[in-house]
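Novice: The working numbering numbers the first residue of the sequence shown as 28 and each following residue consecutively. Note that CB positions come from ideal geometry on N, CA and C, so glycine has one too. Structure below; questions to follow.
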Amino acid sequence: MTLPQTVIITSVRDEAHNIRSITLDAAAPDAQPGQFIMVWLPGNDEKPMSITSPAPLTFTVARVGPFTTDLHQRKVGDYIGWRGPYGRGFALDQHRPALLVAGGCGVGPIYFLACVAQELGVPTTVALGARSDVVMPLQDAFRELAPSVELVLATDDGSLGHQGFITEVVRQHVVRERGIPPAIYACGPEGMLVTLHRMCVEMDLPGQFSLERYMKCGIGICGQCAVDGLLVCKDGPVFDVAQLDSVADFGRFRHSATGRRIPIR
Ligand SMILES: Cc1cc2nc3c(=O)[nH]c(=O)nc-3n(C[C@H](O)[C@H](O)[C@H](O)COP(=O)(O)OP(=O)(O)OC[C@H]3O[C@@H](n4cnc5c(N)ncnc54)[C@H](O)[C@@H]3O)c2cc1C
Ligand code: FES
Numbered sequence: 028m029t030l031p032q033t034v035i036i037t038s039v040r041d042e043a044h045n046i047r048s049i050t051l052d053a054a055a056p057d058a059q060p061g062q063f064i065m066v067w068l069p070g071n072d073e074k075p076m077s078i079t080s081p082a083p084l085t086f087t088v089a090r091v092g093p094f095t096t097d098l099h100q101r102k103v104g105d106y107i108g109w110r111g112p113y114g115r116g117f118a119l120d121q122h123r124p125a126l127l128v129a130g131g132c133g134v135g136p137i138y139f140l141a142c143v144a145q146e147l148g149v150p151t152t153v154a155l156g157a158r159s160d161v162v163m164p165l166q167d168a169f170r171e172l173a174p175s176v177e178l179v180l181a182t183d184d185g186s187l188g189h190q191g192f193i194t195e196v197v198r199q200h201v202v203r204e205r206g207i208p209p210a211i212y213a214c215g216p217e218g219m220l221v222t223l224h225r226m227c228v229e230m231d232l233p234g235q236f237s238l239e240r241y242m243k244c245g246i247g248i249c250g251q252c253a254v255d256g257l258l259v260c261k262d263g264p265v266f267d268v269a270q271l272d273s274v275a276d277f278g279r280f281r282h283s284a285t286g287r288r289i290p291i292r
């Protein structure tokens with residue numbers, strides 16, 4: 028296990044309403060898209076965050092509760108701790124077009140993957156979904172990857188792009204595709220992942236999905252993140268279609284910090 032390193036924040040950028048990217052005076056050059064770090068705020072807690080960029084090390088955080096509110100109050104020059112990178116990330120198939128799908132704060136690892144796909148010359152479409160325009164982070168960063176990375180957007184309220192779920196856009200894109208069928212890579216709300224997983228099964232597409240479960244150690248010791256015999260922090264957080272076929276809790280249950288089983292709505 029790597030010990031936490033304490034480093035200064037070198038940049039804080041507002042990406043959307045209540046969503047910020049924080050860059051550290053650190054690098055994780057060997058990190059893979061989809062891997063995460065444990066971010067430590069001494070006196071508060073230590074929590075998982077996906078990597079948006081490995082060098083300099085950047086993560087994109089939504090303010091949802093006490094820890095992320097504290098993170099949002101940190102400024103350039105403040106010290107915070109991190110350790111990692113951890114977990115199994117996305118394995119990019121270089122022989123198929125890539126269809127990258129992100130909902131909400133799932134954009135961080137999808138941005139990292141889009142950058143790698145661009146570098147490797149893999150034809151790539153990024154599909155981003157959010158409730159509305161104001162909560163869709165990293166739009167400009169994705170636009171800067173054009174023209175080699177195509178961007179399609181969907182919002183529930185129609186304020187940007189297609190009105191409706193991003194999964195509808197993804198289905199239309201796959202149906203329209205005339206060449207080699209794409210591989211799907213997704214990160215976001217579990218309901219979205221369940222729909223995409225079903226689509227992969229129905230249409231016989233390869234797919235990889237990043238799951239979130241409550242994490243404490245982040246390195247496979249405590250068992251907090253277990254789902255049907257798999258540890259999300261070590262065997263995941265990215266799982267393929269076949270692995271998720273055997274996870275009965277996928278889309279149904281998660282565990283609270285105290286181990287209580289909670290239905291996923
Ligand atoms: C592998 C992984 C990668 C993640 N990447 C990001 C990211 O890039 N950006 C981002 O904004 N969020 C990310 N999250 C979620 C983030 O860890 C939680 O939003 C954060 O811990 C919430 O803490 P809080 O005190 O602000 O909110 P709380 O009010 O404590 O919780 C809000 C929600 O976050 C979940 N959560 C709280 N603590 C944890 C924990 N220790 N582990 C997992 N989930 C937790 C809760 O179950 C609840 O659903 C990731 C989670 C995982 C498992
Ligand atoms: S968080 Fe401890 S085993 Fe996964």
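Enumerate in chain order the residues of its own chain whose CB-to-CB distance from residue 161 is below 7 angstroms, with the five nearest sequence positions on each side excluded.
Specialist: Result list for residue 161: 43, 44, in chain order.
Novice: Below 8 angstroms, can you find three or more Cβ-Cβ pairs linking the segment 112-123 to the segment 222-239?
Specialist: Touching, yes, given that three or more Cβ pairs across the two stretches are closer than 8 angstroms.
Novice: Consider the C-beta atom of residue 42 and the heavy atoms of ligand 1; say whether any pair is separated by less than 6 angstroms.
Specialist: Residue 42 Cβ: outside cutoff for every heavy atom of ligand 1.
Novice: For residue 158, which of helix, strand or coil comes out of DSSP?
Specialist: If DSSP states are grouped into helix, strand and coil, residue 158 belongs with coil.
Novice: What ranges does the beta strand (DSSP E) occupy inside the segment 38-106, keeping only unbroken runs of at least 3 residues that lie completely in it?
Specialist: Within the segment 38-106, the complete beta strand (DSSP E) runs of at least 3 residues are 46-51, 63-68, 72-77, 84-89.
Novice: Which class does residue 205 belong to by DSSP, given the choice of helix, strand or coil?
Specialist: If DSSP states are grouped into helix, strand and coil, residue 205 belongs with coil.
Novice: Which residues are close to ligand 1, meaning CB closer than 5 angstroms to any heavy atom, in chain order?
Specialist: Result: 63, 74, 75, 76, 77, 88, 89, 91, 92, 93, 94, 95, 132, 135, 239, 241, 242, 264.
Novice: In three-state DSSP terms, what is residue 260?
Specialist: Three-state result, residue 260: coil.
Novice: What's the call for residue 217, buried or exposed, on a 16-neighbour Cβ count within 10 Å?
Specialist: Buried, by the Cβ-count rule.
Novice: By the DSSP assignment, the beta strand (DSSP E) with residue 224 in it spans what residues?
Specialist: No beta strand (DSSP E) holds residue 224; the alpha helix (DSSP H) holding it covers 217-230.
Novice: Check residue 142 in the structure and name its three-state DSSP category.
Specialist: If DSSP states are grouped into helix, strand and coil, residue 142 belongs with the helices.
Novice: Using 7 angstroms as the threshold, is the C-beta distance between residue 190 and residue 172 below it?
Specialist: The answer is no: Cβ separation not under 7 angstroms.
Novice: Measure from the alpha carbon of residue 183 to the alpha carbon of each residue in 130, 137, 138, 86, then state which is nearest.
Specialist: Cα-wise, what sits closest to residue 183 is 130.
Novice: Quick one: using the 10 Å Cβ neighbour count with 16 as the cut-off for buried, is residue 152 buried or exposed?
Specialist: Buried: at least 16 other Cβ atoms inside 10 Å.
Novice: Determine the burial state of residue 230: buried for a count of at least 16 other Cβ atoms within 10 Å of its Cβ, exposed for fewer.
Specialist: When all chains shown are included, residue 230 counts as exposed.
Novice: Just to confirm, are residue 272 and residue 210 a CB contact at a threshold of 7 angstroms?
Specialist: No, the pair does not count as a contact, with Cβ atoms beyond the cut-off.
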